[in-house]
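Residue numbers (the numbering used here): 2 to 84. All remarks here apply to the structure that follows.
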Amino acid sequence: MTAYTAVVTVRLKRGVLDPEAETTRQALSRLGFELEELRAADRFEIDLDAESEAAAAERAESMAERLLANPTIHDYAVEIENR
């Protein structure tokens with residue numbers, strides 16, 4: 002088995018109200034940073050052992066679908082890194 006780190010980024014889908022991002026965008030605007038849009042995201046770094054990079058990605062995808070993200074309101078992306 003090889004050690005991998007799966008990085009899962011979870012964010013609200015476009016069109017879903019994101020009060021955290023809106024509050025941050027407004028604060029940045031008051032500081033002089035004009036942004037068209039800002040989206041908040043959660044990032045999970047998961048250390049795991051797997052037979053291959055594809056197997057590690059499959060496990061991380063399953064984790065995202067079953068717990069880390071709600072597919073109704075979230076998009077997510079999985080990246081695999083060797084440790």
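The beta carbon of each residue, even a glycine, is placed where N, CA and C say it ideally should be.
Remark: C-beta atoms of Val-79 and Ala-56 do not approach each other more closely than 8 Å. A direct Cα-Cα distance of roughly 14 Å separates Arg-31 from Glu-37.
Checking the DSSP bridge columns, you'll see Leu-13 partnered with His-75. By the 16-neighbour rule on beta-carbons within 10 angstroms, Val-17 is exposed.
For Arg-40, there is no enclosing beta strand (DSSP E), as DSSP marks it with neither H nor E. For Glu-59, the enclosing alpha helix (DSSP H) stretches over residues 54-64.
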